[in-house]
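Participant: Please read through the structure below; I'll follow up with questions.
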Amino acid sequence: MEGMVETSTNLASVKFIGDSRIEVTTSQRSELKPGNIMLLKWWSPFLNWLVLKVSHSDGYPGWTPNPNSSFENYG
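Next comes the structure, spelled out in structure tokens:
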């Protein structure tokens, strides 16, 4: 669909835990599963290079937009 974002990353939260720990949570979403895999392959080595611990959850499923939905007008 022209003009639609296919894959995105969101800075979801930053939490300060005690005096020496910061927890950063991001959310990745993609219409197509390979988009999420691509983001993981890019972000993980970068964050490891910064000597940060990285963990992953199951994440969000992909979504398929419905341009005929009465909820949203994509026109």
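Under the working numbering, the residue at position 69 of the sequence shown is numbered 63, and the numbers go up by one with no gaps. We put the beta carbon where it would ideally sit given N, CA and C, even for glycine.
#1: Please list the segments of the alpha helix (DSSP H) lying wholly inside the segment 3 to 58, counting only runs of 4 or more residues, in order along the chain.
#2: Given this structure, state the Cα-to-Cα distance separating V48 from V18, to the nearest angstrom.
#3: Using a Cβ-Cβ cut-off of 7 Å (strictly less than) and excluding sequence neighbours within five positions of G(-3), which residues of its own chain qualify?
#4: Which residue's Cα is closest to the Cα of S7: D13, T20, S14, R15?
#5: Please say whether L5 and Q22 have beta carbons closer to each other than 8 Å?
Facilitator: For this structure:
#1: 27 to 43
#2: In the sequence shown, counting from the first residue as 1, residue 48 sits at position 54. In the sequence shown, counting from the first residue as 1, residue 18 sits at position 24. Cα to Cα, the separation comes out at about 10 Å.
#3: Looking up residue -3 in the sequence shown gives position 3. None.
#4: The count along the sequence shown starts at 1 and reaches residue 7 at position 13. If we check each option's Cα against that of S7, T20 comes out closest.
#5: Taking the sequence shown and counting its residues from 1, the one referred to as residue 22 is at position 28. Taking the sequence shown and counting its residues from 1, the one referred to as residue 5 is at position 11. Cβ atoms of Q22 and L5: not closer than 8 Å.
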